[in-house]
Structures are given as structure tokens and as C-alpha cells.
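Trainee:
2 protein chains.
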Amino acid sequence: MFDRIDHVGIAVEDLDAALALFEGTFGMPVAHRETVEEQGVEAALLDVGENHVELLRPLGPDTPVGRFLAKRGPGIHHVAYQVTDVEAALARCREAGLRLIDEAPRTGIRNSRVAFLHPSSSGAVLTEIVQPAHH
Amino acid sequence: MFDRIDHVGIAVEDLDAALALFEGTFGMPVAHRETVEEQGVEAALLDVGENHVELLRPLGPDTPVGRFLAKRGPGIHHVAYQVTDVEAALARCREAGLRLIDEAPRTGIRNSRVAFLHPSSSGAVLTEIVQPAHH
């Protein structure tokens, strides 16, 4: 069902400090930056081969990533798997009885189509499935 | 420095239940299973394209993954990046002032050579660098 790991999402308090580590020290090129007001995040997507690291800075405390930071501190927020057909993947997860956060795909960064699965039935991991725009 | 995401390590309490999800529902083939007594874990490595998910069940509560489960519950434990030269990558991390858990590479599963970086200077993420055996 999954073609590869699309990205690991990491919640950060200071995006510039995180970029100094991931871009500067680890040498991951920044592929994309975007502020998504409706999600309450500023996101930076960095390349690691065909995979990515997605750094997520909350725009305020009353946002999903802001609440995550308050509760758990900075660190890994979610894992995303790449698919060629997000509807089919989401249907398979629904049929398997997994609890969905998104009942239908929505637009993610870089015009991808994404849907989140609830950690409660996904191994305690907030799980995202991503169909990139170029597919 | 990093060629790709090698794997995401996920701490689980029940390996069979986790395999039912990751192998059964998500369709990730099991590539390898290994009990590493010195690390105190039973590990299952599943393929996701060229990447992997590593499921980690502690052999007891007084192990690194056992303590992680007691403190944080099940979920993402670490992220591993693949390199072609683990010594060179570790030297670069040391020169950048990152705090290392392993001062020298050691043997990981499937005869890989691995080294861990401490989360305190790695974006609050337990970070592993992996040189696969076939490189």
C-alpha cells in the first residue's frame, strides 16, 4: 500500500535553530517552506534522498502542534507514508477498522493530498498518508 | 550526509499486535526479525520501499526501550538515517558539537554499523545513523 516513507514530521519551538541543525549540520536541502494558517503551522520540508523531514513550528499555543509541544515537548510528531492513490489507501484503512482523523483526503503542503489516521489504532503513532501532487 | 531515511523505530508492547497492523493492514513485508539480548529488544524490520519500519519490543522493563515505554508509552522511539560511511558521518556530527551516545560505531541488526546521537542536541529526536552491511 505504501511506496516509501514520505516524511517524518518533527515539532519544533524554534524553526531557525532546527534549520541550523537539519540543513546546516545534517546537510538536508530545504525543498519548500510554507505557512499553513488553517493548520496553524509554519512548515519547512527538507530533502533526505527521496524522503523528507518536515519541521513544524506552531503559529500559536492553541493549534494542534502547539498543544503537542505543551504536552510532550519538541520531537517527532508524526510519520507520513507515500501512496499513489490516497482514496484507495484511505478506503483500505477504513475497511480494516482503523480510526480515521480525516474521513476524506484534504490538501497538504505542496498541493499534496493527505489524510491522517488516529494514533489509537495505528500503533500509537500519528500516521499520515500522502499522495504527492506530481502523481 | 544522509542518503535516505533508513527507518523509523517504533516502541511496542505487543509485537504480534503491531505486526498485525504494519504487516497485515499496511502490507509491509517483514524483512528481518532478531532478538538482540545486549540491547534488550526483540526487533522486527519491515520494508516500505527502500525504507523500513523497525518495531521494538523490550525484553524487560529495565532496558532502554522498556524505560521508554514506562515513561512515554508506545510510539515513535527514534529515526535512523542511512549513510555510506558511518565513521565519516559520526566525525562530522562530533565536529559540529553534537552530543553523541556512541563515540564509535557498533553493530546493529542485520550486521549494519550504527551510532546514536543524543536527542538533547538533535532536535529532541533520538537519532541513529546506519551504514548497511551491503555498503
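Protein chains in written order, with our numbering: chain A, 177 to 311; chain G, 177 to 311. All C-beta atoms, glycine included, are put in the ideal place defined by N, C-alpha and C. Note that this is a predicted model, so its numbers are computed, not measured.
#1: Compare the C-beta of G203(A) with all C-beta atoms of chain G and state if any pair is closer than 9 Å.
#2: Can you have a look at G273(A) and say buried or exposed, based on whether 16 or more other CB atoms are within 10 angstroms of its CB?
#3: Does DSSP put R275(A) in a helix, a strand or coil?
#4: Considering only C-alpha positions, which residue in the set L197(G), V259(G) and G225(G) is nearest to A300(A)?
#5: Distance, Cα to Cα, E218(A) vs T211(A)?
#6: First and last residue of the alpha helix (DSSP H) that includes V188(G)?
#7: Using a threshold of 9 Å, state whether the C-beta atoms of L221(G) and R286(G) are closer than that.
#8: Applying a beta-carbon distance threshold of less than 8 Å, which residues of chain G neighbour P250(A)?
#9: Does DSSP put A291(G) in a helix, a strand or coil?
#10: Residues in the same chain with beta-carbon distance under 7 Å from V188(G), minus the five sequence neighbours each way, listed in chain order, please.
#11: Can you check which of these residues, G284(A), S298(A), P295(A) and E304(A), is closest to H208(A) by C-alpha distance?
#12: Please tell me whether V184(A) and V255(A) are closer than 9 Å, where the distance is taken between their beta carbons.
#13: Strictly below 9 Å CB to CB, what residues from chain A border D179(G)?
#14: I want to see whether chain G comes within less than 9 Å of P308(A), judged by CB atoms only; does it?
#15: Counting only Cβ pairs nearer than 7 Å, list the residues of chain G close to V255(A).
Mentor: Taking the geometry as given:
#1: Closer than 9 Å: yes.
#2: So G273(A) ends up on the exposed side.
#3: In the structure shown, R275(A) sits in coil (DSSP, three-state: anything other than H, G, I, E or B).
#4: Minimum Cα distance to A300(A) is reached at L197(G).
#5: Between E218(A) and T211(A), the C-alpha separation is close to 4 Å.
#6: For V188(G), no alpha helix (DSSP H) encloses it, and the DSSP letter there is neither H nor E.
#7: In this structure, L221(G) sits near R286(G), with a CB-CB distance shorter than 9 Å.
#8: Those are G299 and A300, listed as they occur along chain G.
#9: Note: A291(G) maps to strand in three-state DSSP.
#10: Taken in chain order, the residues that qualify are A194, L231, L232, R233 and P250.
#11: If we check each option's Cα against that of H208(A), G284(A) comes out closest.
#12: V184(A) places its beta carbon less than 9 Å from that of V255(A).
#13: Result: V224 and G225.
#14: Chain G contact via Cβ: absent.
#15: Close to V255(A), with beta-carbon spacing below 7 Å, are these residues of chain G in chain order: V184 and I252.
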